[in-house]
Structure formats: C-alpha cells, structure tokens
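Novice:
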Amino acid sequence: MEYKDPEFELLSSLELIVFKDSPQTVTLPRTSLTEIEQVRKGTGLKIDDFARAMGVSVTMVQEWESKRLRPTSTEMNLMRLIQANPRLSKQLME
C-alpha cells in the first residue's frame with residue numbers, strides 16, 4: 070500500500086478548488102527562492118502574520134527569504150494558495 074502524505078493530499082485538493090474556475094494560475098518557480106519574499110509582500114502580510122498563516126516560525130520565513138533554507142513542496146503549495154486567495158491567510162491565522 071502506498072503512503073500518501075495527508076498534508077500534501079489536503080493542499081492538492083485545495084489547489085483544485087481554488088484554481089478550478091481560474092484559467093490563469095499563479096506559478097512559483099521551485100528553484101527561485103526570491104519569489105517567497107515577493108509572495109509575502111504581495112499578500113500585504115507582515116512577516117509574523119505570514120509565518121503564522123504558514124504555520125512556521127518567523128525565523129523559518131527569514132531563512133527562506135535569505136535562501137539559507139528551501140521550503141518543502143507542501144509549503145510551496147500553501148504559498149501558492151495564499152497568493153491566489155489572500156483571504157485564505159486570514160482564515161489560517163485564526
């Protein structure tokens with residue numbers, strides 16, 4: 070039996086819901102970590118709010134933005150969802 074990561078499955082399902090009616094998709098190149106800061110600033114969230122919405126520490130977001138660490142594919146998917154639907158970040162911070 071193949072193991073499926075529940076977080077990945079949930080985010081994949083959310084992506085399908087968010088992007089199903091949208092012919093244009095928001096893309097984040099997985100190799101370009103400078104995009105992370107652009108996504109965060111594009112949402113209008115301060116770094117601490119963005120970290121809370123992502124479920125990580127402020128230090129982790131700073132590490133991503135400085136290119137010292139790379140976010141996981143699940144974290145990248147969540148960033149894409151937040152970028153596509155900024156209201157989602159407010160729901161995630163609750």
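Each residue of the sequence shown is one higher than the last, beginning at 70 in our numbering. Ideal placement from N, C-alpha and C gives every residue a C-beta, glycine not left out. None of these values were measured; they are calculated from a predicted model.
Would you mind stating whether T143 and L80 have Cβ atoms separated by less than 8 Å?
Specialist: Yes.
Novice: Looking only at its own chain, which residues have a Cβ that is under 8 Å from the Cβ of E78, when we skip the five neighbours before and after it?
Specialist: Closer than 8 Å at Cβ, skipping near neighbours: no residue.
Novice: Do the CB positions of G124 and Q152 come within less than 8 Å of each other?
Specialist: Result no, Cβ atoms of G124 and Q152 do not sit closer than 8 Å.
Novice: Please state whether DSSP places N154 in a helix, a strand or coil.
Specialist: Coil.
Novice: State buried or exposed for S158, treating a residue as buried only when at least 16 other CB atoms are found within 10 Å of its CB.
Specialist: It is buried - the Cβ of S158 has at least 16 other Cβ atoms within 10 Å.
Novice: Using CA atoms only, rank isn't needed, just tell me which of R137, D118 and Q107 is closest to E163.
Specialist: Cα-wise, what sits closest to E163 is D118.
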